[in-house]
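Since the structure comes first, as structure tokens, the remarks are kept for the end.
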Amino acid sequence: MFNVNWFLLRFITFFVLGGIIIDLEILMLLLGFLFFHISLGLITILNDYIHIKKIKIILLILIRISNIEISRYILELLL
3 MFNVNWFLLR FITFFVLGGI IIDLEILMLL LGFLFFHISL GLITILNDYI HIKKIKIILL
63 ILIRISNIEI SRYILELLL
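Quick note: to get the working numbering, add 2 to the position in the sequence shown (first position is 1).
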């Protein structure tokens with residue numbers, strides 16, 4: 003028997019993925035929000051569980067460097 007929900011799910015996914023691939027600005031905006039969300043989450047975890055000041059500063063620097071490097075690799079992949 004033909005399942006309409008299965009067909010609609012695939013049909014909508016096709017258009018959503020096509021729209022993201024075509025409109026690169028929306029994809030860049032989503033990636034920017036994603037990296038911002040990840041960065042805020044890591045900083046919150048760091049502030050909650052690490053209490054030694056020197057280690058906290060080193061880890062904050064490493065988080066920023068890793069965010070820059072990951073975003074650079076994704077930009078190279080997209081362009």
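Here a beta-carbon is modelled for each residue, glycine too, at the ideal position from N, C-alpha and C.
Separation of residue j from residue i, as counted between CA atoms
i, j, result
"E71", "L64", "10 Å"
"Y51", "K58", "10 Å"
"F16", "F35", "23 Å"
"L29", "F9", "25 Å"
"V6", "L19", "20 Å"
Residues near residue i in its chain [Cβ-Cβ closer than 8 Å; skip 5 each side]
i, result
"I76", "L33"
"I45", "L62, I65"
C-beta atoms of residue i and residue j nearer than 8 Å
i, j, result
"L11", "L80", "no"
Contact belief for residue i with residue j at Cβ below 8 Å, rounded distance in angstroms
i, j, result
"S73", "F37", "6 Å"
Own chain partners of residue i with C-beta closer than 6 Å, once the 5 adjacent residues on each side are dropped
i, result
"N1", "Any question about residue 1 goes unanswered here, given that the chain covers just 3 to 81."
"I54", "none"
Close Cβ partners of residue i (< 7 Å) along its chain, the five nearest in sequence each way excluded
i, result
"F13", "none"
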